Amino acid sequence: MPSAESEAVSLFRSKPVSEIRNVEASTRAQIQLKQEELRQLVGTRYRDLIDSADSIVLMKNYSQSIASNLSSINNAIRSLSSETPKFNSNPNLTRTRTYGIACRVKYLVDTPENIWGCLDESMFLEAAARYSRAKHVHDRLMNNEDRGELSILSSFPLLQHQWQIVESFKAQISQRGRERLLEQRGLPISAYADALAGVAVIDELDPKQVLSLFLDTRKSWISQTLGTCAHNHNATCDVVVSVFCEVLSIIQITVGQVGELFLRVLNDMPSFYKVVLGSPPASQLFGGIPNPDEEVRLWQLFRDKLESVMVMLDKEYIARSCSLWLRECGRELVNKINGRYLIDSIGSGQELALAEKSIRETVESKTVLAGSLEWLKSVFGSEIELPWTRIRELVLEDESDLWDQIFEDAFVRRMKMIMDIGFEDLTRVVNVVESTRAIGENYSGGQIDFQGYLNRPSTGGGVWFIESNAKKVGVLSGFKVPSEENDFQTCLNAYFGPQVSRIRDAVDSRCQSILEDLLSFLESPKAALRLRDLAPYLQNKCYESMSTILVQLRSELDNLYEAMENANKEGQPLPPAIIVERSLFIGRLLFAFQNHSKHIPVILGSPRFWVNETFVSVVFDKLPSLLRQQSRVTADSPVSDSPGRQTPIGTKRRTSLATAALLGAGETASPKLEEFSRLTRDLCIRAHNLWILWLSDELSTIVSRYLGQDDALSSTTPLRNIIIRTLDSIVWIRSSLPII
């Protein structure tokens, strides 16, 4: 104390009043903080601790008294004679009751540690049962308090605080049990049964609620798996397919475990009911408590109530609940997640076919349902080759396929999107307007002579008849004479020119790629159904894309006709020769689309010929006779439209489910084919008409000029008649110009 006073004196001497006040405020704050910590440590009821200390002192005195009594009893026994005198004993009832109460309080004190141990060992049902028994013990003590037999709170004032600690474990048991259900480790079915039983007991759930809880946790598994994949924006096709297979595995395992946990088959009780209703005798559950008759009675009432609640679920209810859950999971699997569809990572029909193959293999795999094989064996009495089929029959009571329920519609939609992307790419790559306007773009001005136009080089196309290579090769030269096919293709490519050939090849290549992609996707047990949906869709998209190109060409033709009308006016940027050349380019392109495109008529024709080796001949039968004679040569061989490029159309025969579906289609072509042919023919004629009109005008001008320069035509001398007699006595009279 003197040291504290000296410190205070030194403080007043060395510090000003303002700092001393700050020190005082800081000291008082520390005192308040320490008091608060002491309150939290001891409890809000500080007097309870003092009273409990008094009770502990009394317990010590009682113990010493008991020890003294035992010593006196021991001495008395030793001093007994051979004859034991009879006497009456009066037990101390108060002491007995106090001892029983103390044992029950100890049971409550030991409960938190016991529950912690159960939770650490994942024994959730035992933890819930211990909590329930502790509640019965606490109720017994409170009932004694109400009857006034003994003031429990006065003897053990910490009892209420201790019960609050025990009661807080109720939420922990429920939370830990639910977290156990969310674990995606390969846990045995008994672990899930124990967790479900623990949550059911602690939260007082009925079997329907337990089944719903189990299905909801598995749906959380699926959502977590899909969400992780959706956040990976660089997920490839293989990653997405593996996620699909993983989700399917979760669905299959869940349905199988639902059957094992809740479905009663034959006379065997389901696993969940075995666990939740299984319990040792009540007399073994209250160890350390003397005469636990009342606790046993309360526990038995609790068990009776639990058994009345835990009734067997109807088979129809289980099937209905699982089917509804399965549909919800399927919708989540194929719907948008974080703003995008996972299936969009699959970029082609071939990848869709491979994904379908992997998914179907997962569904039919025995490895996925390895945990349910023993249960299925006990139900059917033999080894199971197709476990999912058996589980579907038992639990879902439905023969529908997982693929049909979840993936079929989504995959068909994705295939349509892939075709859309292919045709959009076609219209983007094939820019006919730019190609048309590129003709004559290097024109520097000035008049183009008509004779010079006629004598122009033929590198840009428009030449039909060329000298055959066969004439240039001698019979004895040792070289093989080119076939008629190559002659025709050479002539055809020379007529079209490089630009027309490039555009036609680009269109054919894109159409071929889209068609082959669709045929790959049709390689499925659902081929017939898909063909009925996708074949008209493909034909419509092809027609729409080509119609877009035709609309652009029609617009260009309109512009060219308008430009030709204004050709002789001042300020016209292009001479008629370039306008006509552009029109001829459009005409050749339309002619190529109409008669020399291989895949447009194939797509717009009957699907029956999509995989037929002779479908090229069938399609080319629609060509004009002159072209058909040349085209039939190429029907059974790779077709080459441009140098160095060969496309084997129809030479790959598909011998599979897709082939069967295609051969079952009708032979009627789409009405779009006739409409497309009519439009291209009309536009082609219109494009060449511009050339014909201009050529006629130019030729008539030349003839008129030459006629005006001929003096004989302006002579006034009458014409002479020349009589010609033939051997058949036929007389011809021919007028002759006068001799100049």
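Quick note: the sequence shown uses this note's numbering, first residue -1, plus one each step.
Even for Gly, the Cβ is constructed at its ideal location relative to N, Cα and C.
Computed from a predicted model, the values in this text were never measured in an experiment.
- Cβ neighbours of Leu677 within its own chain (closer than 6 Å, five residues either side excluded): Leu548.
- Apart from sequence neighbours up to five positions away, the residues of its chain that approach Arg412 with a beta-carbon distance below 6 Å are Ile341, ordered along the chain.
- Of the residues Phe154, Pro110, Arg128, Val600, the one whose Cα lies closest to the Cα of Ile54 is Phe154.
- Taken atom to atom, the span from the alpha-carbon of Leu693 to that of Ala351 is near 56 Å.
- Taking 8 Å as the cut-off, the Cβ atoms of Asp396 and Ser321 count as close.
- Between Phe122 and Arg178, the C-beta spacing is below 8 Å.
- A straight line joining the alpha-carbon of Leu681 with that of Val578 spans about 15 Å.
- For Arg338, the secondary structure class from DSSP, reduced to helix, strand or coil, is strand.
- The three-state secondary structure of Val263, taken from DSSP, is strand.
- Beyond the five residues adjoining it in sequence on each side, Ala189 comes within less than 8 Å, by CB distance, of Ser120, Arg178 in the same chain, given in chain order.
- In this chain, the alpha helix (DSSP H) harbouring Val197 covers 187 to 201.
- Spatial neighbours of Phe300 in its own chain (CB-CB distance under 8 Å, excluding positions within 5 residues in sequence) are listed in chain order as Ser130, His134.
- Shortest Cα-Cα distance from Ser433 to any of Arg502, Thr252, Gln707, Lys58 involves Arg502.
- Annotated three-state conformation of Arg19 is helix, per DSSP.
- Less than 8 Å divides the Cβ of Leu529 from the Cβ of Leu660.
- In the structure shown, the three-state DSSP call for Asn564 is coil.
- Per DSSP, Gly420 is one residue of the alpha helix (DSSP H) stretching across 406 to 427.
- Sequence-distant Cβ neighbours of Ala198 in its own chain, meaning closer than 7 Å and more than five residues away, are Val208, Val274.
- Between Lys539 and Asp418 the beta-carbon gap is near 7 Å, inside 8 Å, which marks them as a contact.
- Between the alpha carbons of Ala23 and Trp161 lies a gap of roughly 39 Å.
- In its chain, beyond the 5 residues on either side, Gly328, Leu331, Val332 have a beta carbon closer than 7 Å to the beta carbon of Ile404.
- DSSP, read as helix, strand or coil, puts Ile249 in helix.
- Proximity of the segment 213 to 229 to the segment 238 to 256 meets the contact definition, three or more beta-carbon pairs being nearer than 8 Å.
- The shortest C-alpha to C-alpha distance from Ile389 to any of Ser306, Leu532, Gln250, Asp556 is the one to Gln250.
- Looking from the CA of Val410, the closest CA among Leu392, Glu391, Gly347 belongs to Gly347.
- Taking C-beta atoms under 8 Å as the contact rule, Val253 and Val393 qualify, at a distance of about 5 Å.
- Asn112 carries a helical assignment under DSSP once its states are collapsed to helix, strand and coil.
- In the structure shown, the three-state DSSP call for Ile344 is coil.
- A residue is called buried once 16 or more other Cβ atoms fall within 10 Å of its Cβ, and Tyr315, having fewer, is exposed.
- In this structure, the beta-carbon distance from Asp201 to Ser172 falls below 8 Å.
- Shown here, Asn72 sits in a helix according to DSSP, grouped into three states.
- By the criterion of a C-beta distance shorter than 7 Å, Trp373 is surrounded in its chain by Glu258, once the five residues flanking it on both sides are discounted.
- Comparing alpha-carbon positions, the option among Phe607, Ser218, Leu296, Met267 lying closest to Ala127 turns out to be Leu296.
- Annotation for Leu671: Pro599, Leu602, Gly603 place their beta carbon closer than 7 Å to its own, counting only its chain and skipping 5 residues before and after.
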